[in-house]
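Q:
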Amino acid sequence: MPRMTAARAAVEILKREGVAHAFGVPGAAINPFYAALKGAGGIDHTLARHVEGASHMAEGYTRTHPGNIGVCIGTSGPAGTDMITGLYSAIGDSIPILCITGQAPTAVILKEDFQAVDIASIAKPVTKAATTVMEAAQVPGVFQQAFHLMRSGRPGPVLIDLPIDVQLTEIEFDPETYEPLPAFKPAATRAQIEKAVTLLNASRRPLIVAGGGIINADASGLLVEFAELTGIPVVPTLMGWGILADDHELNAGMVGLQTSHRYGNATFLESDFVLGIGNRWANRHTGKLDVYTQGRTFVHVDIEPTQIGKIFAPDYGIASDAKAALELFVEVARELKAAGKLPDRSAWAASTQERKAQLQRRTHFDNIPMKPQRVYEEMNKAFGPETRYVTTIGLSQIAGAQMLHVYKPRHWINCGQAGPLGWTIPAALGVATADPETPVVALSGDYDFQFMLEELAVGAQHKIPYIHVLVNNAYLGLIRQAQRNLDINFQVNLEFENINAPELGVYGVDHVRVAEGLGCKAIRVTDPSRLGAAFEEAKKLAAEHRVPVVVEAILERITNISMSGSDIASVNEWEDVATEPGHAPTAIKPLKV
Numbered sequence: 020m021p022r023m024t025a026a027r028a029a030v031e032i033l034k035r036e037g038v039a040h041a042f043g044v045p046g047a048a049i050n051p052f053y054a055a056l057k058g059a060g061g062i063d064h065t066l067a068r069h070v071e072g073a074s075h076m077a078e079g080y081t082r083t084h085p086g087n088i089g090v091c092i093g094t095s096g097p098a099g100t101d102m103i104t105g106l107y108s109a110i111g112d113s114i115p116i117l118c119i120t121g122q123a124p125t126a127v128i129l130k131e132d133f134q135a136v137d138i139a140s141i142a143k144p145v146t147k148a149a150t151t152v153m154e155a156a157q158v159p160g161v162f163q164q165a166f167h168l169m170r171s172g173r174p175g176p177v178l179i180d181l182p183i184d185v186q187l188t189e190i191e192f193d194p195e196t197y198e199p200l201p202a203f204k205p206a207a208t209r210a211q212i213e214k215a216v217t218l219l220n221a222s223r224r225p226l227i228v229a230g231g232g233i234i235n236a237d238a239s240g241l242l243v244e245f246a247e248l249t250g251i252p253v254v255p256t257l258m259g260w261g262i263l264a265d266d267h268e269l270n271a272g273m274v275g276l277q278t279s280h281r282y283g284n285a286t287f288l289e290s291d292f293v294l295g296i297g298n299r300w301a302n303r304h305t306g307k308l309d310v311y312t313q314g315r316t317f318v319h320v321d322i323e324p325t326q327i328g329k330i331f332a333p334d335y336g337i338a339s340d341a342k343a344a345l346e347l348f349v350e351v352a353r354e355l356k357a358a359g360k361l362p363d364r365s366a367w368a369a370s371t372q373e374r375k376a377q378l379q380r381r382t383h384f385d386n387i388p389m390k391p392q393r394v395y396e397e398m399n400k401a402f403g404p405e406t407r408y409v410t411t412i413g414l415s416q417i418a419g420a421q422m423l424h425v426y427k428p429r430h431w432i433n434c435g436q437a438g439p440l441g442w443t444i445p446a447a448l449g450v451a452t453a454d455p456e457t458p459v460v461a462l463s464g465d466y467d468f469q470f471m472l473e474e475l476a477v478g479a480q481h482k483i484p485y486i487h488v489l490v491n492n493a494y495l496g497l498i499r500q501a502q503r504n505l506d507i508n509f510q511v512n513l514e515f516e517n518i519n520a521p522e523l524g525v526y527g528v529d530h531v532r533v534a535e536g537l538g539c540k541a542i543r544v545t546d547p548s549r550l551g552a553a554f555e556e557a558k559k560l561a562a563e564h565r566v567p568v569v570v571e572a573i574l575e576r577i578t579n580i581s582m583s584g585s586d587i588a589s590v591n592e593w594e595d596v597a598t599e600p601g602h603a604p605t606a607i608k609p610l611k612v
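20 is the number of the first residue of the sequence shown in this note's numbering; add one for each residue after it.
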């Protein structure tokens with residue numbers, strides 16, 4: 020049997036599990052693994068500036084293509100604790116990433132040695148498994164099991180903690196005979212799908228709620244086929260946005276308290292049946308459950324059995340991988356269609372498109388300082404259907420989801436459940452690394468941007484071009500808006516007069532000079548009529564210099580974005596809605612007055 024260090028065996032397994040890229044920061048306790056990484060070859064590595072940044076890069080990498088598993092690497096102690104946010108983000112959105120940490124020698128782990136934190140115990144609540152490997156001979160099995168767990172059932176992250184002496188110990192291991200373990204995924208039965216379809220066919224105004232589990236299962240095409248066979252309109256969730264194109268005649272729009280469309284909520288409130296596939300009934304989607312569920316029959320299909328009934332009890336639940344279920348849904352629908360037994364849903368589907376043409380938000384404003392709505396209008400003009408958008412949280416993300424357009428799965432890459440500030444820059448770098456041929460456009464407010472802006476230097480060093488749209492109002496805008504309910508405006512104001520950049524007035528941080536200091540290009544825009552030209556210039560700069568390019572839009576200080584604090588029937592439209600076609604020139608459908 021070949022002999023090699025346990026660290027080298029781990030690297031060989033990574034390659035045979037399909038890993039081609041890793042993100043991380045070396046350190047003393049993980050250096051043997053890095054030595055094995057260099058010696059084995061075959062895995063590219065991107066050096067992050069912050070270990071949390073590496074974890075978000077791994078997330079972005081995973082989310083870009085079916086089958087990808089991002090890997091992040093750090094040393095002992097604070098490197099692991101820094102990556103906890105990335106693990107939390109990944110498990111919340113069912114994203115498989117592998118976090119590998121170094122550890123103090125096994126003999127001193129419990130003796131308060133330097134950076135000898137019990138990272139496995141800390142990480143357990145936010146991973147599918149977290150293990151400190153105490154015996155070198157167990158390393159191959161632990162890595163094999165990690166990939167099996169990440170791919171089986173509801174996907175999610177795993178952490179493996181490697182003491183330095185374990186990494187350096189030689190073991191017998193033959194990479195040539197290594198085989199990945201088959202993943203386990205529950206599959207619906209024909210009888211279950213037939214029952215679900217029977218319930219569906221008894222309804223008059225059904226909807227499909229399409230969640231991120233469909234994208235995880237690489238089953239978007241099957242969902243579209245099923246919707247087209249049955250004529251049933253589709254509501255994508257925030258994590259499922261892009262499953263079918265925004266301009267598809269069966270796309271009914273998004274539903275929710277924040278990242279929703281006026282027409283999406285209106286259509287949902289008219290429905291009498293909901294088939295949820297690969298979704299988790301997130302509270303920002305449902306709002307108050309009595310409003311969301313009243314008068315509707317629900318069927319819920321999810322890969323995780325304990326997810327069914329977790330938020331509310333559906334009328335019928337099916338534990339199944341979305342792809343396995345949708346293959347049967349399509350099969351049954353084809354048979355019923357051939358037999359002429361599918362109800363005609365054309366009038367109901369047409370009504371969803373009527374609402375889409377009537378219930379729109381205004382985006383066209385010429386104000387200076389500019390309103391954020393105009394930024395998204397110009398983004399719709401500048402960036403085509405191939406664009407992959409990346410964002411995390413805040414008024415920028417909420418407004419972007421209300422006003423931007425997405426046409427393909429994995430082209431809206433959003434940290435949904437955790438929503439950590441700072442996620443966007445490193446995640447965008449991970450996305451652009453995974454798919455360097457497709458335009459990547461990130462979207463941040465100023466605070467999200469400032470949280471991890473040091474990662475821009477990673478893009479400059481490793482030549483990872485993308486465009487970052489930065490909407491700057493010098494405020495924690497979402498928190499400010501939420502504080503209205505408490506009649507305060509406290510500790511959310513980021514304005515100050517920068518002694519080195521008086522031309523900024525009260526907007527404080529000179530993001531252009533910061534970005535340039537980190538090796539990137541940046542453009543500041545104060546007039547909305549210049550946004551289009553700035554986006555075109557950014558495309559040219561990114562292509563020429565192969566670095567991230569920041570386009571900063573200076574916004575009016577206060578804009579309240581449409582949202583509800585309670586239920587989907589009472590969304591507050593703070594700004595004027597569209598009342599003539601020129602108010603929303605990039606809407607999916609021309610405004611019907």
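Virtual Cβ for every residue (Gly too), placed ideally from N, Cα, C.
Being a predicted model, the structure only gives us computed values, none of them experimental.
For Thr458 versus Phe402, is the C-beta distance shorter than 8 Å?
A: For clarity, residue 458 is Pro in the given sequence; the question names Thr instead. Yes, these two residues count as a Cβ contact at 8 Å.
Q: Can you tell me whether DSSP reads Pro11 as helix, strand or coil?
A: What is shown of the chain runs 20 to 612, which leaves residue 11 out entirely.
Q: Helix, strand or coil for Glu189, going by three-state DSSP, please let me know.
A: Residue state, collapsed to three classes: strand.
Q: Counting C-beta neighbours from all protein chains within 10 Å, is the total for Ala47 16 or more, i.e. buried, or is it exposed?
A: Result: exposed.
Q: Among Lys214, Ala453 and Gly283, which has the Cα closest to the Cα of Val590?
A: Ranking the options by Cα distance to Val590, first place goes to Gly283.
Q: If you draw a straight line from the C-alpha of Ser140 to the C-alpha of Val596, how long is it?
A: Straight-line Cα distance between these residues: approximately 50 Å.
Q: Could you spell out where the alpha helix (DSSP H) holding Met76 opens and where it closes?
A: Element bounds for Met76: Val70 to Thr83.
Q: Give me whichever residues DSSP pairs with Asp321 in a beta bridge.
A: Ala338.
Q: Can you name, in chain order, every residue of its own chain whose Cβ lies under 8 Å from the Cβ of Gly527, other than the five neighbours on each side?
A: Excluding positions up to five away in sequence, the list reads Ala493, Leu513, Glu514, Phe515, Glu516 and Asn517.
Q: Spatial neighbours of Pro333 within its chain, please: CB distance less than 7 Å, with the 5 preceding and 5 following residues excluded, ordered by chain position.
A: Closer than 7 Å at Cβ, skipping near neighbours: Phe317, Val318, His319 and Ile327.
Q: The beta strand (DSSP E) spanning Pro225 covers which residue range?
A: Residues Pro225 to Ala229.
Q: Per DSSP, which one or two residues make a beta bridge with Glu571?
A: Per DSSP, Leu489 and Arg543.
Q: Going by CA-CA distance only, name the one from Val533, Val544, Leu106 and Val511 that's closest to Gly386.
A: Reading the sequence as shown, one finds Asn at residue 386 and not Gly. Residue Val544 is the option with its Cα nearest to Asn386.
Q: Alpha carbon to alpha carbon, what distance is there between Ile486 and Ala562?
A: Approximately 10 Å, taken between the alpha carbons.
Q: Cα-Cα, which of Ala588, Ala461, Trp593 and Pro205 is closest to His304?
A: If we check each option's Cα against that of His304, Ala588 comes out closest.
Q: Kindly indicate which three-state DSSP category Pro614 falls into: helix, strand or coil?
A: Because the chain spans 20 through 612 in this model, residue 614 falls outside it and cannot be assessed.
Q: So, does the segment 49-61 touch the segment 99-115, judging by three or more C-beta pairs under 8 Å?
A: They do not touch, by the three-pair rule.
Q: Can you check which of these residues, His69, Lys34 and Ala67, is closest to Lys57 by C-alpha distance?
A: It is Lys34 whose Cα lies nearest to the Cα of Lys57.
Q: Just grab the DSSP bridge partners of Thr24 for me.
A: Note: Thr24 sits in a beta bridge opposite Glu189.
Q: Taking the runs of the alpha helix (DSSP H) that are 4 residues or longer, which of them lie wholly in the segment 421-486?
A: Within the segment 421-486, the complete alpha helix (DSSP H) runs of at least 4 residues are 443-453, 465-470 and 475-481.
Q: Measuring CB atoms only, is the segment 175-190 touching the segment 119-132, in the sense that at least three cross pairs come out at less than 8 Å?
A: Touching, per the Cβ criterion.
Q: Need the endpoints of the beta strand (DSSP E) that Leu66 sits in, please.
A: Start and end: Asp63 to Leu66.
Q: Tell me which residue opens and which closes the alpha helix (DSSP H) that Ala109 is part of.
A: Counting along the chain, the alpha helix (DSSP H) containing Ala109 begins and ends at Ile103 to Gly111.
Q: Return the CA-CA distance between Leu168 and Ala344, expressed in angstroms with no decimal places.
A: Their Cα atoms are separated by approximately 21 Å.
Q: Roughly how many angstroms lie between the CA atoms of Arg380 and Ser370, to the nearest whole one?
A: C-alpha separation (whole angstroms): 19 Å.
Q: For the candidate residues Arg549, Pro567 and Pro547, whose alpha-carbon lies nearest to that of Gly538?
A: Nearest of Arg549, Pro567 and Pro547 to Gly538, Cα basis: Pro567.
Q: Please state the DSSP three-state secondary structure of Gly618.
A: Residue 618 lies beyond the residue range present for the chain, which begins at 20 and ends at 612; the question has no answer from this structure.
Q: Using beta-carbon positions only, say whether Lys423 and Met389 come within less than 8 Å of one another.
A: For the record, residue 423 in the displayed sequence is Leu; it is not Lys. The answer is no: Cβ separation not under 8 Å.
Q: Could you check where the alpha helix (DSSP H) with Leu181 kicks off and where it finishes?
A: No alpha helix (DSSP H) holds Leu181; the beta strand (DSSP E) holding it covers Val177 to Pro182.
Q: Taking DSSP as the reference, what is the three-state secondary structure of Met169?
A: It is helical.
Q: In three-state terms, what does DSSP make of Leu505?
A: Note: Leu505 maps to helix in three-state DSSP.
Q: Thinking just about the alpha-carbon of each residue, which of Ser222, Phe384, Gly464 and Lys329 is nearest to the one in Trp367?
A: It is Ser222 whose Cα lies nearest to the Cα of Trp367.
Q: Between Gly37 and Leu472, what straight-line distance do the alpha-carbon atoms span, to the nearest angstrom?
A: Gly37 and Leu472: Cα-Cα distance of roughly 30 Å.
Q: What's the gap between the Cα of Leu269 and the Cα of Val254?
A: The alpha-carbon atoms of Leu269 and Val254 are separated by roughly 9 Å.
Q: With a 10 Å radius around its C-beta and 16 neighbouring C-beta atoms as the bar for buried, classify Ile577 as buried or exposed.
A: When all chains shown are included, Ile577 counts as exposed.
Q: Give the range of the beta strand (DSSP E) segment to which Gly46 is assigned.
A: No beta strand (DSSP E) contains Gly46, which DSSP labels as neither H nor E.
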